[in-house]
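Undergrad: Dropping a structure here in structure tokens format, bear with me for questions.
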Amino acid sequence: MLPWLVTIWLFGIGLYGIITSRNYIHLVGCLSVCQSGSYVLLLGIGFKWQAGPPIFYDHPPGTPAVDPVMQALVLTDIVVGAAVTALLLAIAIQVHKRRGTLDPQHLRPLRPDT
Amino acid sequence: MSPAARRVIFLFALVIMAPAARLVAHSMPTFGAATSRYASTVNELAPRLRHVSNMVAAVNFDIRGFDTLAEETMLLCAVVGAVILLRGSRGERDSDKAGVLPGRADIARSDATTLVCRVGGTALLLFGAYVALHGTVTPGGGFQGGVIASSALLLLYLGEGYRCWRNLIHSAVLAAFEGVGALVFVLAAAWPLAQGHPALDNLLPLGKFKDLYSGGAIFLTNCAVGLAVTGSFGQLILEFLEETRSPEDESEPNEADT
């Protein structure tokens, strides 16, 4: 029960941060918080009590192990998240260069800057 | 929309979504009692059929290898996008001065920093290569090892300074790493197709269980991903650090002024 609640909490607090953000860098950080909710969810789904890691180096194959598919998914999640964060930060740099501000409040598209 | 209005809408959405979230949290399976048959099948069969001891690598590069190919392509696209966005006049030359905030002290680099960064950077690069190469045996793999290896570039920058760093690290080399890694992955997927097998079929000799070379094509794709991730993240670091240089001439129009 607890991991699912932690997931919801992480997603909610990240979303709150995105909504009230006054700076794009902060907003990207909040997006990462949102995303870490998905790590907790995936790892929570794959977890099994009294089971080792799905790496049969120290213990032989056949011993109980947690779900490797979920761990592979989290790996994918992290890599894609890092790439997307880099892309968003690059956009933030360009926005700051062009408009001189990182406050979403002052960056309304298609409207003159006030 | 004012921040207050946004907060009100958020609260409104929270009130609507909270019961749904509570329902979902209650109907999720019990924590710690995973009963995925797919997972137990992988854990049972992959060591025998593929001679790998790291199940995550087996899932990533063999059983769900096609998904990883897509992910790899996505990583490439995101990095290319970021590089295109950041590429500009600033920072291309190694003589450019760092951007300085007025009033902030400009402290010279100490010898201790250089020493620690040289030792640490080399060790980190080696460790990254180790983690990437042993991806089929122990925890790790191409993605993790690649990120570790590319973060060694940051330590080199910290220890040597921008000019020396730019002479060491060439954008073309990183781009070649990135491209060759992705190309090897694509070829590993396409080669079995040309032989009349399914894509990404494991046709290479499987090697010995718990050996450095184990898993056949898994080892190959794992190394390819390690190379591609090193190149990709190195390229990102390079482009972002170019942004720390003050521009030669501010050629970009400032929309706020016009």
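Which chain is which? The protein sequence lines are A and B, in order.
For the first sequence, the working numbering begins at 1 and goes up steadily by one.
For the second sequence, the working numbering begins at 115 and goes up steadily by one.
Glycine included, C-beta positions come from ideal geometry on N, C-alpha and C.
Here the structure is a predicted model, which means the values were calculated and not measured.
How do the stretch 164-172 of chain B and the stretch 329-347 of chain B stand: do at least 3 beta-carbon pairs fall below 8 Å, yes or no?
TA: Touching, yes.
Undergrad: Can you give me the C-alpha to C-alpha distance between ILE78 of chain A and PRO143 of chain B, rounded to a whole angstrom?
TA: Per the coordinates, the alpha-carbon of ILE78 of chain A lies some 24 Å from the alpha-carbon of PRO143 of chain B.
Undergrad: Just by C-beta distance, which residues in the stretch 246-265 of chain B are closer than 7 Å to chain A?
TA: Hits within the stretch, in order: VAL251, THR252, PRO253 and PHE257.
Undergrad: Under 8 Å, Cβ to Cβ, is there at least one residue of chain B near ARG103 of chain A?
TA: What sits at residue 103 of chain A in the sequence shown is Asp, not Arg. Not an interface residue.
Undergrad: Report the rounded CA-to-CA distance for ALA184 of chain B versus THR227 of chain B, giving the unit in angstroms.
TA: Annotation: ALA184 of chain B to THR227 of chain B spans about 40 Å, alpha carbon to alpha carbon.
Undergrad: Would GLY345 of chain B count as contacting chain A if we go by Cβ distances under 8 Å?
TA: no
Undergrad: If you reduce the DSSP assignment to three classes, tell me which class ILE123 of chain B lands in.
TA: helix
Undergrad: Name, going along the chain, the residues of the stretch 78-95 of chain A whose beta-carbon falls closer than 7 Å to a beta-carbon of chain B.
TA: VAL79, VAL80, ALA83, VAL84, ALA86, LEU87, ALA90, ILE91, ILE93 and GLN94
Undergrad: Tell me which residues share the same chain as THR344 of chain B and place their Cβ nearer than 7 Å to its Cβ, disregarding the 5 neighbours each side in the sequence.
TA: GLY260, ALA263, SER264 and PHE291
Undergrad: Between LEU334 of chain B and chain A, is there a C-beta pair that is closer than 8 Å?
TA: Taking Cβ atoms only, chain A never reaches closer than 8 Å to LEU334 of chain B, which makes this a no.
Undergrad: Could you give the distance in angstroms between the alpha-carbon of LEU269 of chain B and the alpha-carbon of LEU125 of chain B?
TA: 44 Å
Undergrad: Mind listing which residues of the stretch 148-161 of chain B have their C-beta closer than 9 Å to chain A's C-betas, in chain order?
TA: Flagged, chain order: ALA148, THR149, SER150, TYR152, ALA153, SER154, VAL156, ASN157, GLU158, ALA160 and PRO161.
Undergrad: Look at the Cβ atom of PHE145 of chain B, then the Cβ atom of LEU2 of chain A, and state whether they are nearer than 8 Å.
TA: yes
Undergrad: Please classify GLN50 of chain A as buried or exposed, where buried requires at least 16 other C-beta atoms within 10 Å of its C-beta.
TA: exposed
Undergrad: Are the beta-carbon atoms of PRO104 of chain A and TYR24 of chain A separated by less than 8 Å?
TA: yes
Undergrad: With H, G and I counted as helix, E and B as strand and the rest as coil, what does DSSP make of GLY330 of chain B?
TA: In this structure, GLY330 of chain B counts as coil in the three-state DSSP scheme.
Undergrad: Quick one: grab the DSSP three-state call for ILE283 of chain B.
TA: Note: ILE283 of chain B maps to coil in three-state DSSP.
Undergrad: Judging by CA-CA distance, which residue of B:VAL245, B:ALA196, B:THR155 and B:PRO216 is the nearest neighbour of PRO68 of chain A?
TA: B:THR155
Undergrad: Looking at LEU297 of chain B and PRO306 of chain B, is the spacing between their C-beta atoms short of 8 Å?
TA: no
Undergrad: In angstroms, rounded to a whole number, what distance separates the CA positions of ILE351 of chain B and ILE130 of chain B?
TA: 42 Å
Undergrad: I need the DSSP call for ARG99 of chain A, collapsed to helix, strand or coil.
TA: helix
Undergrad: Applying the 10 Å Cβ sphere with the 16-neighbour rule, what's the burial state of HIS248 of chain B?
TA: buried
Undergrad: Answer with yes or no whether the minimum CB distance from THR20 of chain A to chain B is below 8 Å.
TA: yes
Undergrad: What does the alpha-carbon distance come out to for the pair ASP243 of chain B and LEU73 of chain A?
TA: First, the residue type needs correcting, since residue 243 of chain B is Ala and not Asp in the sequence shown. Each residue's alpha carbon lies about 23 Å from the other.
Undergrad: Report the rounded CA-to-CA distance for VAL28 of chain A versus THR85 of chain A, giving the unit in angstroms.
TA: 7 Å
Undergrad: If we count the other Cβ atoms within 10 Å of its Cβ and call it buried at 16 or more, is ARG108 of chain A buried or exposed?
TA: exposed
Undergrad: Given that a residue counts as buried once 16 or more other Cβ atoms are within 10 Å of its Cβ, and exposed if not, what is VAL214 of chain B?
TA: VAL214 of chain B is exposed by the Cβ-count criterion.
Undergrad: Using DSSP with H/G/I as helix, E/B as strand and the rest coil, what is HIS106 of chain A?
TA: helix
Undergrad: Counting along the chain, where does the alpha helix (DSSP H) carrying GLN258 of chain B start and finish?
TA: From DSSP, the alpha helix (DSSP H) with GLN258 of chain B extends over 256-274.
Undergrad: Is it the case that the Cβ atoms of VAL245 of chain B and LYS324 of chain B are separated by a distance below 8 Å?
TA: no
Undergrad: Applying the criterion that 16 or more other CB atoms from any shown protein chain within 10 Å of the CB defines a buried residue, is PHE180 of chain B buried or exposed?
TA: exposed
Undergrad: Does THR236 of chain B come out as helix, strand or coil in the three-state DSSP assignment?
TA: helix
Undergrad: Report buried or exposed for ASP220 of chain B, applying the criterion of at least 16 other Cβ atoms within 10 angstroms of its Cβ.
TA: Around the beta carbon of ASP220 of chain B, fewer than 16 other beta carbons lie within 10 angstroms, which makes this residue exposed.
Undergrad: Identify, in the order they occur along the chain, each residue of the same chain with its Cβ nearer than 7 Å to the Cβ of SER21 of chain A, setting aside the five sequence neighbours on each side.
TA: Only LEU27, CYS30 and PRO104 meet the Cβ criterion.
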